[in-house]
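Just so you know, the protein sequences line up as chains A and B, in that order. Start counting the first sequence at 2; every next residue gets the next number (our numbering). Start counting the second sequence at 14; every next residue gets the next number (our numbering).
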Amino acid sequence: MRSCRVLFVDDEPNILSGFRRMLRGHIQDWELFYAGSGAEALELLKTTEIDVIITDMRMPGMDGAQLLAAVRQLHPSTARLILSGQGDRESIISAVGPTQQFLTKPCEPEVLVGAISRVLAVRDLVSDERLRSILGDIDTLPKPPGIHEQMMEVASRPNCGISDVVAVVESDLSLCADILRLVNSAFFGLSSRIESIERAASLLGLDTIHALAISGKVFGAGAPVPRNLDVTTLRNNSMRIAGLARTIATKEGWPRETVSQTFLTALLRDLGLLVLAGIDPDGYDLVRRVPPEDIWAVSQAELAAFGCTVPEASAYLLGLWGFAEPVIQAMACQPAQISGPPVSPIAHAVGFAHRRLHQRIVEAEPDPDSWLDPIRTARWNALCADLEESVSEST
Amino acid sequence: MALQTDQYARERRAAVEPLSPTEAARLALVAVHTDHAVVLADAHGVIEWVNDAFCELTGYARHEAVGVTRLSLFTHTVSATVVAALGGEPTERPARLELLTRSKQGHPYWTYIEVRPVIDQGEVAQLILLESDVSATQVAEHQLLEATRRAEHLAAELSAEKSVLAGVISSIPHLVFWKDLDGRYRGVNAAFLAARGFTDPDEIVGQTEQELGTADAFAEALGHAEPTARGGVAVIDQQVAVTSVDGTARNLLLSVLPQRSPEGLLVGVIGVGADVTHVAELERALAQANRLESIGQLAAGIAHEINTPVQFVSDNARFLAHSFGELPILGQIEAILGAGEGPDEDPTRQLAELRGAVAGVELAFLAAEIPQALAESQEGLTRVTQIVRALKDFSHPGSGRVETDVNRAVESTVQVSRNEWKYVAELSVDLDPDLGLVPCYEGELKQVVLNIIVNAAHSITARRLATDETELGRIALRTERCDDVVRISIGDDGTGMDEDTRRRIFDPFFTTKEVGKGTGQGLSLAHSIIVQKHGGQIEVQSAPGQGATFVLVLPARWENVNQSDTETSRT
Numbered sequence: 002m003r004s005c006r007v008l009f010v011d012d013e014p015n016i017l018s019g020f021r022r023m024l025r026g027h028i029q030d031w032e033l034f035y036a037g038s039g040a041e042a043l044e045l046l047k048t049t050e051i052d053v054i055i056t057d058m059r060m061p062g063m064d065g066a067q068l069l070a071a072v073r074q075l076h077p078s079t080a081r082l083i084l085s086g087q088g089d090r091e092s093i094i095s096a097v098g099p100t101q102q103f104l105t106k107p108c109e110p111e112v113l114v115g116a117i118s119r120v121l122a123v124r125d126l127v128s129d130e131r132l133r134s135i136l137g138d139i140d141t142l143p144k145p146p147g148i149h150e151q152m153m154e155v156a157s158r159p160n161c162g163i164s165d166v167v168a169v170v171e172s173d174l175s176l177c178a179d180i181l182r183l184v185n186s187a188f189f190g191l192s193s194r195i196e197s198i199e200r201a202a203s204l205l206g207l208d209t210i211h212a213l214a215i216s217g218k219v220f221g222a223g224a225p226v227p228r229n230l231d232v233t234t235l236r237n238n239s240m241r242i243a244g245l246a247r248t249i250a251t252k253e254g255w256p257r258e259t260v261s262q263t264f265l266t267a268l269l270r271d272l273g274l275l276v277l278a279g280i281d282p283d284g285y286d287l288v289r290r291v292p293p294e295d296i297w298a299v300s301q302a303e304l305a306a307f308g309c310t311v312p313e314a315s316a317y318l319l320g321l322w323g324f325a326e327p328v329i330q331a332m333a334c335q336p337a338q339i340s341g342p343p344v345s346p347i348a349h350a351v352g353f354a355h356r357r358l359h360q361r362i363v364e365a366e367p368d369p370d371s372w373l374d375p376i377r378t379a380r381w382n383a384l385c386a387d388l389e390e391s392v393s394e395s396t
Numbered sequence: 014m015a016l017q018t019d020q021y022a023r024e025r026r027a028a029v030e031p032l033s034p035t036e037a038a039r040l041a042l043v044a045v046h047t048d049h050a051v052v053l054a055d056a057h058g059v060i061e062w063v064n065d066a067f068c069e070l071t072g073y074a075r076h077e078a079v080g081v082t083r084l085s086l087f088t089h090t091v092s093a094t095v096v097a098a099l100g101g102e103p104t105e106r107p108a109r110l111e112l113l114t115r116s117k118q119g120h121p122y123w124t125y126i127e128v129r130p131v132i133d134q135g136e137v138a139q140l141i142l143l144e145s146d147v148s149a150t151q152v153a154e155h156q157l158l159e160a161t162r163r164a165e166h167l168a169a170e171l172s173a174e175k176s177v178l179a180g181v182i183s184s185i186p187h188l189v190f191w192k193d194l195d196g197r198y199r200g201v202n203a204a205f206l207a208a209r210g211f212t213d214p215d216e217i218v219g220q221t222e223q224e225l226g227t228a229d230a231f232a233e234a235l236g237h238a239e240p241t242a243r244g245g246v247a248v249i250d251q252q253v254a255v256t257s258v259d260g261t262a263r264n265l266l267l268s269v270l271p272q273r274s275p276e277g278l279l280v281g282v283i284g285v286g287a288d289v290t291h292v293a294e295l296e297r298a299l300a301q302a303n304r305l306e307s308i309g310q311l312a313a314g315i316a317h318e319i320n321t322p323v324q325f326v327s328d329n330a331r332f333l334a335h336s337f338g339e340l341p342i343l344g345q346i347e348a349i350l351g352a353g354e355g356p357d358e359d360p361t362r363q364l365a366e367l368r369g370a371v372a373g374v375e376l377a378f379l380a381a382e383i384p385q386a387l388a389e390s391q392e393g394l395t396r397v398t399q400i401v402r403a404l405k406d407f408s409h410p411g412s413g414r415v416e417t418d419v420n421r422a423v424e425s426t427v428q429v430s431r432n433e434w435k436y437v438a439e440l441s442v443d444l445d446p447d448l449g450l451v452p453c454y455e456g457e458l459k460q461v462v463l464n465i466i467v468n469a470a471h472s473i474t475a476r477r478l479a480t481d482e483t484e485l486g487r488i489a490l491r492t493e494r495c496d497d498v499v500r501i502s503i504g505d506d507g508t509g510m511d512e513d514t515r516r517r518i519f520d521p522f523f524t525t526k527e528v529g530k531g532t533g534q535g536l537s538l539a540h541s542i543i544v545q546k547h548g549g550q551i552e553v554q555s556a557p558g559q560g561a562t563f564v565l566v567l568p569a570r571w572e573n574v575n576q577s578d579t580e581t582s583r584t
C-alpha cells in the first residue's frame, strides 16, 4: 500500500517552504506535495492521486473555493481542507459547499497535523473507493422538499428568534447535521459545548444562520431524499437516541465535553443512511426487512448491502468534516461490541440508547467483567425509563 | 289732500302783493338767467314758478311743476329731513339739503337745495328754493375721500409689513447686515448684534468695520467677499472662520450680495452669514465614521496580510527548534575545542561522539535550510512590521492642514489596501520625487485615495467577472507636480462608467454597488474633502469599457491656499 499523500496549495512560497520544514520532523509516512496556485494543483492531480488537499483561500486567479469545487468534481475522494488567513464570515460562507474543513492561519503544527491525521484515519472505515467518492462528493445532504424555503422564511422574519430556527432545524436530521458541522468547524471552534441543537444554533448566531440560508449553500436541498427512506422516522429515532444518550452521560456526571460528544454521536449515528439508501435503494429494502431489534443482523445486512455499515459511513462523513476523534471512534464501532476490544463510555452510552429504542429493556451483558456491568445496565435502564415516562407525560 | 293744498295755494297767491313791473322784470331776468334752478313756492311749498334752469335740471316742464309741491316731484322716498324742509308745516328757518335724486327721465344726480322762507309780517309768506346739480363736486369729494381712505389703509398696511419684515429679519438666526458703498453699516439684525457682542443697532449703524475695532476676525472674514460684492458680483456660501463673543471658534457660511437701487445702480451690499459650526462638526464626524468603516473593511485583509507571515515564521521557528533539538552540537563542539587545548587531551573521543550524534541527520539539508529559514523568517517579520507601520501611518488622523509628504501618504494607503487589490490587479506606483511638501489634511487625503483605490479594485473585479477574465487588471497611481498644483492620479482598467453615472458619482448616497457593498458616501466625501476643504479639484475621465481615471488636483503652495482655509486649519 502506498503512503498517504498530502498536497498544500498557497500562492505564498514562504508558506510552502515553512510547511515543508515544519512537517519534516512530524511525519514519516506522508508524501508531501506543494503547488503555488490552483492551476498547478489541478495539473498535479491529473497525474498523482492525492488523499488530502489543503489550500489557501485567497489566491490570484483561481481561489481556494474554486479550486476545491473543481477537485470535488474531478477527484471526489480527495479530502478537501481550507487553511485561510482570512477570518471573516463571508469568505467561510462562500467556500462552505466544496470545503470539508476550515482551518485558520496562523495554525499550530499540532492542529494541522491532527486534522490531516483524522481525515486519513477515517479512510480505513470505508475501504470501497467508489463509496468514498460518493461520500466525498457530498456538499449538502439530501433534504425533504420545501425545507430550505421554510428555513429562509423563518430566518427572514424580522422578529425571528433562536427557538424558531431550532424548531425548523430539529424537524430534519440533515439540517441538524448542517448546523453541527458548521459549529464544529475550526473557524467557529466551538465543538466542545454542543449538547443540543439549540445550543449549536445560538453558538452559530442568527446572523450567520440567516446569511447561510440566503447563500443556499448549506440549508439547500442537495440530492433528493431516497425514495424508500422514511426521513420522519429517521429524524424521530435520532432525536430520541440523542436524548437518551445525553441523559445517561449527564446523570453519570461525565465531563461536559464528553456529554457533548455523546449527544453528537447518538444524534448523527444514522446520518450515513441518507446517502447509502440513495445509492442502493434495493439494498436498503433488504436491510429494512431485518427486524430492527436484532441489532447485529441489521449491521450484517448493511455491510452486505452497502459495503460498510451505516455508522461507518456516518463516521467517515464526520471525519471528513473534522469532528472530534472520540465522536468518530465511538460512532465507527457501533453497534457497540459485546465482547471484543474495549470501547469508550461514549460508545457504550450510544449503543445502549440505540438498543433501548428497539428493545423494551436492555439486557445486561453476560460478561460480568464488562464495563457495562449489570449494575450500570440496571441504572441506565432506570434513567431511560424515567425519561421516556416524562416525555410521554408531557405529550 | 293735494287738491286742498292747491286750493289753499291759490288763495295765498291772491293775497301777495304784485311786484312792480321793473322789479319783476329785473328779478325775472336774474331768476331766468342764473345757472341755479329757482323755484318760487307759497308758504306750504306749492310751486308758483320755476325758471328754465329748474326745468333743465329736473326734467319737468314748467306747467308740470307749477301747482304741486317740490316734494311731490321726487319719484322716490326721501328722508324725514327733506320732508320737514320742503313740505308740510312752514318753517321760518332756512334749510340746506343735499341728496341723491333722479330727474323725471330717471337720470340720477346729486342736488343741492337751499330753502329760503320769505317772512312777511312775522309769518312765512313764501319759499324760495335754489337748486343746483352738485354731482361733480360730490364725486370729486367722494374720490378724495376714497383716496384718503386708501392712503391711510396703505400706510397702515405698509407699517404692518414693515414691522413684519423687521421682525423677520431680526428673528432670522443668521447674521444679516447691509452696508453702503463706503463700507458703513446701514442696518443689522439681532443675530448679528448677538454674535458680535453688541446690544443696539445704533452702536454699529453708520460705522465701518475698522471703526468698530472688534477682535472677532469678522473684518478678515469679510475681507475678500465685500469688495467683490461692491464690484457688483455676488459671493455665495463662502466658508469663513470667526471668533464668537465667548472666544470659541465658529464657522460661517457667508454670502455677500450687491444691493441695487430700482434704477439698477449699486448702492451697497447685503450680507448673510449662517453659523455652520455644528454642520462642520457633523461633516467631521461623517468623515471619521467613513474612515472607521474602511478600517473595518480593511481589517480582514490586513489580518490575512499579517497571518500569512506569522504562519511561516512560526513554522520556521518550529523547524529551527526541532533541528537544534536534534543537534546538541554546540556543546560537543565546545568539548572538542576544550579537549584540543589541554596538553594531554586527545579530541578523538569527542569527535567520535559528535560524528555519532549527527549520523542520523541530513547535515547537507540542514546546512541549506537553516539559513534560508532564517532569511525567510526575517522577511516575514519585515512584512509584518511594514504592514503595522503602514496601518499606524494610515490611521493617524493628522492635525489640520499641514505640510504633508503626499508620496508617503499615497504609499501607506497602497500598503494597507494591498489585500483589497492584489488578487484582482497589479498596482503600479509612479511617484514624482520633486513633489515636495504640500499643505494637506493628511488623514482625509489618504481616505480619499483609499476610497478610489478600493473602487478601482471593485470595478476591475466586476469587469473580470463579467468577461470571465483571468488576467489581472491594472491600477496605476501617479503623483506629479505641475507649477502650483500637485496631481494625484489613480487609473484603473475596470468597467468604466457612462456619462450619466459619471455626472452623479459625487452625489451623496449614489452607488452602483449592490446593497451592503457600499454606502455611497465614499466619492461624495472625496469631493467635499478635495474641493471644499482643500480648494482643489477632482477630474474624472471614464467611458464604459475604458476604465476610469480620477485625478486629485491640490494647491501646492500656501499662497494658493484660500485665506479661509488657513483659518479653518487654525481652529
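Heads up, the beta-carbon is just placed ideally off N, CA and C, and yes, glycines get one too. For clarity, every value in this text was computed on a predicted model and none was experimentally measured.
Through-space distance from Arg263(B) to Ile501(B), alpha-carbon basis: Rounded to whole angstroms, Ile501(B) to Arg263(B) spans 32 Å at the Cα level.
Residue environment, Phe307(A), which counts as buried when at least 16 other CB atoms sit within 10 Å: buried
DSSP state of Asp578(B) mapped onto helix, strand, coil: Annotation note: pLDDT 45 at Asp578(B) (below 50); position unreliable, no value reported.
Per-residue burial, His317(B) [other beta carbons within 10 Å of its own, 16 or more giving buried]: Answer is buried; the Cβ neighbour count reaches 16.
Leu174(A) beta carbon less than 9 Å from that of Asp57(A): no
Inter-residue spacing [alpha-carbon to alpha-carbon] between Leu104(A) and Glu366(A): One C-alpha to the other measures close to 42 Å.
Of the residues Thr290(B), Ala561(B), Thr227(B) and Leu110(B), the one placed nearest Ile518(B), counting alpha carbons only: Ala561(B)
Interface partners of Ser4(A) on chain B, CB under 9 Å: Here the premise fails: no neighbours, minimum Cβ distance about 19 Å.
Straight-line Cα distance separating Ala250(A) from Ser345(A): 12 Å
Runs of beta strand (DSSP E) lying entirely within the segment 394-455 of chain B, each at least 3 residues, in chain order: Listed in chain order, the complete beta strand (DSSP E) runs (minimum 3 residues) inside the segment 394-455 of chain B are 414-418, 438-443 and 450-454.
Amino acids of chain B, ordered along the chain, whose beta-carbon sits closer than 9 Å to that of Ser18(A): Phe325, Asp328, Asn329, Glu382, Gln385, Ala386 and Glu389
Supposed contact pair Leu143(B) and Val51(B) - C-beta distance, whole angstroms, cut 8 Å: The pair is a contact, with the Cβ atoms about 6 Å apart (cut-off 8 Å).
Inter-stretch contact (C-beta, 8 Å, three-pair minimum) for the segment 423-430 of chain B and the segment 539-557 of chain B: With the cut-off at 8 Å, the segment 423-430 of chain B and the segment 539-557 of chain B do not touch.
Reduced DSSP secondary structure (H/G/I, E/B, other) of Ala386(A): helix
Touch test, the segment 29-46 of chain A against the segment 344-353 of chain B, Cβ-Cβ under 8 Å, three pairs minimum: Flag = no, the segment 29-46 of chain A and the segment 344-353 of chain B do not touch.
C-beta atoms of Lys106(A) and Leu84(A) nearer than 9 Å: yes
Beta-carbon proximity list for Val29(B), same chain, < 8 Å, skipping 5 on both sides: Low confidence applies here, because Val29(B) scores a pLDDT of 42, under 50, leaving its location unreliable; read the following figure in that light. Cβ neighbours of Val29(B) beyond the five flanking positions: Ala138 and Gln139.
Cys108(A): contacting residues in chain B (beta-carbon distance under 7 Å): Gln324
Where Phe103(A) falls: helix, strand or coil (DSSP): strand
Closer than 7 Å at the beta carbon, the chain A residues around Thr483(B): Contact annotation for Thr483(B) against chain A: Gly62 [CB-CB distance below 7 Å, chain order].
Strand pairing of Gly560(B), partner residues [DSSP]: For Gly560(B), which the question treats as bridged, DSSP gives no partner whatsoever.
Contact list for Ser320(B) against chain A, beta-carbon separation under 7 Å: As written in the sequence, residue 320(B) is Asn, which differs from the Ser given in the question. The answer, in chain order, is Gly86, Lys106 and Pro107.
Per-residue DSSP class, three states only, for Thr234(A): helix
Within chain A, the residues that Phe337(B) reaches when beta carbons sit closer than 7 Å: Near Phe337(B) there are no residues of chain A at all, since even the closest Cβ is about 11 Å away, more than 7 Å.
Residues near Val311(A) in its chain [Cβ-Cβ closer than 7 Å; skip 5 each side]: Asp271, Gly273, Leu274, Leu277 and Glu303
Inter-residue Cα distance where the pair is Gly507(B) and Val7(A): 38 Å
Simplified DSSP assignment, three categories, for Phe9(A): strand
Residues from the segment 390-404 of chain B in contact with chain A, defined by Cβ distance under 8 Å: Glu392 and Gly393
Bridge partner(s) assigned by DSSP for Glu552(B): Val564(B)
is_contact[Ala316(B), chain A] using C-beta, thresh 9 Å: yes
Bridge partners - Glu32(A), DSSP secondary structure assignment: Arg6(A)
9 Å Cβ cutoff, Met153(A) in contact with chain B: no
9 Å Cβ cutoff, Glu171(A) in contact with chain B: No, its Cβ sits nowhere closer than 9 Å to a Cβ of chain B.
DSSP beta-bridge partners of Trp123(B): Leu113(B)
Residues near Thr579(B) in its chain [Cβ-Cβ closer than 8 Å; skip 5 each side]: Only weak support exists for where Thr579(B) lies, its pLDDT of 43 falling under 50; the value from the coordinates is given anyway. Correct list, in chain order: Arg414 and Trp571.
Against chain A: residues of the segment 420-437 of chain B by CB proximity under 9 Å: Correct list: Asn432, Lys435, Tyr436 and Val437.
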